[in-house]
Amino acid sequence: PEYRAINIDNLANSGVIGFDGNWDREEPFEFDLDVSYLIDRFDACRFVSLGAGGGMDVMKALQAGAAEVHAVEVNRHINRMMLEGDPAGYIIRDSTVSDSTGALITTPAYTGFLYYDQRVKVATEDARTYVRRHRNTLDVIFSLSSNTRDALASGSLAIAENYLFTKEAFEDYWLALSDEGFLSMEHQVYMPRLVSAALLALEELGVEEPRDHIAVYDFPLLRRNVLLLSKRPLTDEIRTSVYRGVTPARQDTVRLLYPASDSLADNLINRIVTDGWRGQSDHAAIDISPTTDDRPFVAQLGKWENLTRENLNELNRFSEFQGFPLSKLIVVIILLVVTCLTLPLNLLPYLRRGVKLRPVPWLYFFAIGVAFMAVEVVLIQRYALFIGTSLYSIATVLLTLLIAAG
Numbered sequence: 001p002e003y004r005a006i007n008i009d010n011l012a013n014s015g016v017i018g019f020d021g022n023w024d025r026e027e028p029f030e031f032d033l034d035v036s037y038l039i040d041r042f043d044a045c046r047f048v049s050l051g052a053g054g055g056m057d058v059m060k061a062l063q064a065g066a067a068e069v070h071a072v073e074v075n076r077h078i079n080r081m082m083l084e085g086d087p088a089g090y091i092i093r094d095s096t097v098s099d100s101t102g103a104l105i106t107t108p109a110y111t112g113f114l115y116y117d118q119r120v121k122v123a124t125e126d127a128r129t130y131v132r133r134h135r136n137t138l139d140v141i142f143s144l145s146s147n148t149r150d151a152l153a154s155g156s157l158a159i160a161e162n163y164l165f166t167k168e169a170f171e172d173y174w175l176a177l178s179d180e181g182f183l184s185m186e187h188q189v190y191m192p193r194l195v196s197a198a199l200l201a202l203e204e205l206g207v208e209e210p211r212d213h214i215a216v217y218d219f220p221l222l223r224r225n226v227l228l229l230s231k232r233p234l235t236d237e238i239r240t241s242v243y244r245g246v247t248p249a250r251q252d253t254v255r256l257l258y259p260a261s262d263s264l265a266d267n268l269i270n271r272i273v274t275d276g277w278r279g280q281s282d283h284a285a286i287d288i289s290p291t292t293d294d295r296p297f298v299a300q301l302g303k304w305e306n307l308t309r310e311n312l313n314e315l316n317r318f319s320e321f322q323g324f325p326l327s328k329l330i331v332v333i334i335l336l337v338v339t340c341l342t343l344p345l346n347l348l349p350y351l352r353r354g355v356k357l358r359p360v361p362w363l364y365f366f367a368i369g370v371a372f373m374a375v376e377v378v379l380i381q382r383y384a385l386f387i388g389t390s391l392y393s394i395a396t397v398l399l400t401l402l403i404a405a406g
């Protein structure tokens, strides 16, 4: 009755909280990553949730008094669920139950018309594309589990592209923030690479002393790390007040990884910020280099030096997160299969008698095919970042190339 979850790809879950629509509650909702401190710093806060899912981030912002809440979700089916019928939209009429007069009982939707609040703007769009259309206007950009482990269900997570955590993405976030704005971004696994990418982005944007603009938190009980990026240099008061406060009494609940106390000074995040990712790359068990839009594989944390017999014996689907080069090994195996098995099988017709292309013409047409695919991949990627929906990007690029080539 109080909590549901939208299950995605049979592995990831996006929470949906039961709500009667009344914000004047005696006991307000409590959230793990409270954002009320950040929202209270603005007279009329414009809050953006990257990957709104079941609307929990939206609830956080509305309860904290945000003036405008942008619920950005790339999965149109989730937004439809949040706008139509159970769990969130139109009033549900139960045809099997009636009151003493025989009239149908009308019950409110599960989330109390959360997305019909006048302060909420619902967008079915890629987060990067949406943020790019807002320059110097967003006060708080919030990302909680925007990229989950759901692709592990197919074993493809480390090979999948991700454009939320690249250097260029952090440049887009920075340019979209207002002069006093904040970015709060969480992830369970990728935080070292996120910190590297964020620092590099600020350096290339010409920000003085980039390290003064970030703080990184560890939530041990939640097994989450959170990056806080501020348009203004962060003060100690801000660093210790967000997320319900960082105090000695709450060290088991939340603690700073950067700037870290003396007891935590040797953690990887703190060393990346103070020494730079290059200075720590050789000593880190995982790949901590920043990802870019040209190499957006943030989940590829494995390093070839970790490819040992001992690690092979302990191989599991989470090995990539521990530094084993599982994705790279999979790619090498695929290339070997293609080279040793698929290509020879495709060349079997050459062994038959009859009219056939000579090697040079055959290579010519083979090269044309490879060239088209190479160009298509790059253009589809660029247009997906530009217009936000991969379906439109694929259709536009393929149609244009085929017509122009014809």
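Numbering follows this note's numbering, with no gaps: position 288 of the sequence shown is 288.
We put the CB at the ideal spot given by N, CA and C, even for glycine.
Could you tell me which residues DSSP pairs with residue i in its beta bridges?
| i | result |
| --- | --- |
| I159 | None; I159 has no bridge partner. |
| V216 | L227, Y258 |
| T292 | R295 |
| F47 | V69, V140 |
| M185 | S143, L227 |
| V16 | R4 |
| V122 | A71 |
Express the C-alpha separation of residue j and residue i in angstroms, rounding to a whole number.
| i | j | result |
| --- | --- | --- |
| W277 | D139 | 29 Å |
| G89 | F165 | Low per-residue confidence applies at G89: pLDDT is 49, beneath 50, and the placement is therefore not dependable enough to give any value. |
| G406 | Y243 | 58 Å |
| W174 | P349 | 56 Å |
| L222 | F372 | 46 Å |
| P1 | G21 | 15 Å |
| L429 | D212 | Absent from the structure is residue 429, since the part of the chain shown begins at 1 and ends at 406. |
| D293 | H187 | 19 Å |
| S230 | L385 | 24 Å |
| V122 | I269 | 35 Å |
| S261 | L199 | 21 Å |
| A151 | Q381 | Confidence in A151 is poor, its pLDDT being 48 and thus under 50, which makes the residue's placement too unreliable to answer from. |
| S327 | T339 | 18 Å |
| T18 | M82 | According to the sequence as given, residue 18 is Gly; it is not Thr. If I take the Cα positions, the gap works out to 12 Å. |
| L401 | E376 | 8 Å |
| L194 | L336 | 32 Å |
| D126 | V58 | 17 Å |
| L144 | M191 | 13 Å |
Which of the three DSSP states is assigned to residue i in this structure?
| i | result |
| --- | --- |
| L138 | strand |
| R4 | strand |
| F29 | coil |
| G112 | coil |
| D266 | coil |
| E180 | strand |
| A52 | coil |
| R317 | coil |
| K167 | helix |
| Y173 | helix |
| P233 | coil |
| Q251 | coil |
| H283 | coil |
| V35 | coil |
| Y190 | coil |
| L399 | helix |
Could you tell me how far apart the beta carbons of residue i and residue j are, in whole angstroms, since I believe they sit closer than 8 Å?
| i | j | result |
| --- | --- | --- |
| L62 | D117 | 6 Å |
| Y110 | V16 | 7 Å |
| F324 | N313 | About 11 Å separates the two Cβ atoms, so there is no contact after all. |
| L50 | F142 | 7 Å |
| T124 | E73 | 6 Å |
| A12 | N162 | Not quite, the Cβ-Cβ distance comes to about 14 Å (not below 8 Å), so this is no contact. |
* To do: Entirely within the segment 321-370 and at least 4 residues each: give me those alpha helix (DSSP H) ranges in chain order.
  => Considered as a whole, the segment 321-370 harbours 326-337, 343-346 as its complete alpha helix (DSSP H) runs of no fewer than 4 residues, in chain order.
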